[in-house]
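Following: one structure in structure tokens, then a few remarks.
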Amino acid sequence: MGVTQRRIREREARVALILDAALRVFTSRGLHDGTMEEIAEEAELGKATLYYYFPSKETILSTLVEKTIERHFDGIRENAQQATNPLEAASAIIRGFAANYERTPDLFRLFYMALISKTEDVAPAVRAFGRYRREWRKSLREDVRDALKGTGISPEILVSFTGTHVHGINLL
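Numbering of the sequence shown is given in the numbering used here, commencing with residue -2 and proceeding in unit increments.
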């Protein structure tokens, strides 16, 4: 294994360390009150090192959303693709959301904080979340289409209803 591969792994590990620290800071202090200095301190890095990897708090937030959302939604899709009837499809979606929430409750808190924020500094992360969510919902509708054939239940209704209710439960 060459020096280049080692450097790539080290960079990826440092980015993951920063993103994990940012998630902890954002969920404990809030998106607006959490600072770059607090993220650097939480990651046990110097501020200059943090700024080398991320020029701003907004960049960290956008990267955090983009890197985690795909992992979050893809597991749900994998389970839903196996469904052979509407109950299995809805159950797979609910189980997937519940498992993700149980595994990463701070990530859900971050998503909700970003979605309700009305400030411009959070807008890129919200747009990234919305973009991926739309793509994911479209894919999920296709994944459950066969399981719903002949039932009179539309894939759009099943995906929207189940997702909305699961997210509402998470907010409680």
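Glycine is no exception: its CB is placed at the ideal position from the N, C-alpha and C atoms.
In the displayed model, PRO83 falls within a helix according to three-state DSSP.
The C-alpha of THR46 is placed about 42 Å away from the C-alpha of SER157. If you check the CB distance, ILE36 and ALA19 come in under 8 Å. Counting C-beta atoms within 10 angstroms of its own C-beta, THR148 has fewer than 16 neighbours from the protein chains shown and is therefore classed as exposed. For the options ARG3, THR24, ASN82 and THR101, the alpha carbon positioned closest to that of ARG68 is the one of THR101. Annotation for VAL22: the continuous alpha helix (DSSP H) segment containing it runs 0 to 26. Counting C-beta pairs with one atom in each stretch, the stretch 12 to 26 and the stretch 89 to 108 have three or more that are closer than 8 Å, which means they touch. Taking each of PHE70, THR56 and THR60 in turn and checking the Cα distance to ARG131, the smallest one comes out for PHE70. Under the DSSP assignment, VAL123 falls in the alpha helix (DSSP H) whose first and last residues are 120 to 145.
The C-alpha of LEU42 is placed about 11 Å away from the C-alpha of TYR50.
Per the C-alpha coordinates, the member of ALA40, MET33 and THR81 positioned closest to ALA13 is ALA40. Residue environment analysis places SER53 among the exposed positions, since fewer than 16 neighbouring C-beta atoms fall within 10 angstroms of its C-beta. In its chain, beyond the 5 residues on either side, LEU20 and THR24 have a beta carbon closer than 6 Å to the beta carbon of ASP103. Counted as a single uninterrupted DSSP element, the alpha helix (DSSP H) harbouring LYS44 occupies residues 44 to 50. LEU84 sits exposed, since fewer than 16 C-beta atoms from the chains shown fall within 10 Å of its C-beta.
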